[in-house]
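To keep things clear, I will list the structure first and then write my remarks on it.
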Amino acid sequence: METRVVMDEGRYAAEPIDLINGIRQLYSLALEAEERCPRQTEETEEMRHAAMKLIQQKAQHIVDLTNRLNDLQYHPDILDDDEATQAIVSLNHKLDVWVKGTFRNPELLENLPRLKLVHVPYSPLPLETTDSSQRPQQKWAFIRTFVTSYLFYYLFDPYMVGLKSGHCG
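Numbering that gives the first Met the number 0 numbers the first residue of the sequence shown as 0 and each following residue consecutively.
Okay, here's the thing in structure tokens:
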């Protein structure tokens with residue numbers, strides 16, 4: 000039993016030193032944690048601030064894109080075949096009215112110079128087309144054809160695929 004008392008006393012004697020060492024370790028860990036805590040809190044705040052700034056930028060970007068999207072308007076196909084046909088018929092009618100209105104006076108048609116056309120690709124007109132023996136209707140038709148071929152040449156020549164023209168480069 001005495002051995003036991005000595006052991007008990009030794010154990011109890013060693014226990015306060017272990018406790019003191021444990022307390023010191025805990026205290027140093029607590030100090031380290033206290034030192035790390037403000038730094039981590041500061042880093043966390045910086046990251047939170049950066050994240051909030053990024054979220055605000057992204058939200059503003061979304062608002063801008065939404066506004067731009069809302070400003071867009073739907074435009075259906077610009078021109079389909081039926082509309083093109085109607086436009087050409089309308090232009091043809093307006094040209095006919097212009098020719099007949101402008102050259103209604105037969106004297107204007109009599110004084111119409113004999114025309115020699117410049118070479119125009121895809122033109123159905125011969126080089127010399129008017130003379131005094133033609134009736135007014137023939138001269139009106141010539142004027143309409145002349146104007147139409149020139150308009151066609153200058154407006155549509157750049158779009159004629161596969162046909163080489165000296166006018167457009």
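Virtual Cβ for every residue (Gly too), placed ideally from N, Cα, C.
Can you give me the Cβ contacts of Ala50 inside the same chain, cut-off strictly under 8 Å, excluding the 5 residues immediately before and after it? Indexing the sequence shown from 1 puts residue 50 at position 51. So no residue of the chain qualifies.
On the criterion of 16 or more Cβ atoms from any shown chain inside 10 Å, does Lys52 qualify as buried, or is it exposed? Here residue 52 corresponds to residue number 53 of the sequence shown, with the count starting at 1. With fewer than 16 other Cβ atoms within 10 Å, it is exposed.
Would you report the Cα separation of Phe102 and His74, rounded to the nearest angstrom? Reading the sequence shown from its first residue, position 103 is the one you call residue 102. Reading the sequence shown from its first residue, position 75 is the one you call residue 74. The alpha-carbon atoms of Phe102 and His74 are separated by roughly 41 Å.
On a CA-only basis, which of Asn20, Ser27, Tyr149 and Ala140 is nearest His92? Give me that one, please. Counting from 1 along the sequence shown, the entry for residue 92 is found at position 93. Taking only the C-alpha atoms, the option nearest His92 is Ala140.
For the alpha helix (DSSP H) that contains Asp81, what are its first and last residues? Taking the sequence shown and counting its residues from 1, the one referred to as residue 81 is at position 82. Where Asp81 is concerned, the enclosing alpha helix (DSSP H) stretches over Asp80 to Thr101.
Residue span of the alpha helix (DSSP H) that contains Pro135, given as start and end: Sequence index remark: in the sequence shown, residue 135 carries index 136 (1-based). Start and end: Pro135 to Phe155.
Name the two residues that bound the continuous alpha helix (DSSP H) containing Leu107. Locating residue 107 in the sequence shown gives position 108, counting from the first residue. Its alpha helix (DSSP H) spans residues Pro105 to Glu109.
From Pro105 to Tyr153, what distance separates their C-alpha atoms? In the sequence shown, residue 105 corresponds to position 106, counting from 1. In the sequence shown, residue 153 corresponds to position 154, counting from 1. Distance between the alpha carbons of Pro105 and Tyr153 is about 30 Å.
For Val98 versus Ile142, is the C-beta spacing smaller than 9 Å? Locating residue 98 in the sequence shown gives position 99, where the first residue counts as 1. Locating residue 142 in the sequence shown gives position 143, where the first residue counts as 1. Yes. Within cutoff.
Is it buried or exposed, Leu68, if we count other Cβ atoms within 10 angstroms and call 16 or more buried? In the sequence shown, residue 68 corresponds to position 69, counting from 1. Label assigned to Leu68: exposed.
By the three-class DSSP mapping on this structure, what secondary structure does Gln72 have? As a working mapping, residue 72 is identified with position 73 in the sequence shown. Correct three-state label for Gln72: coil.
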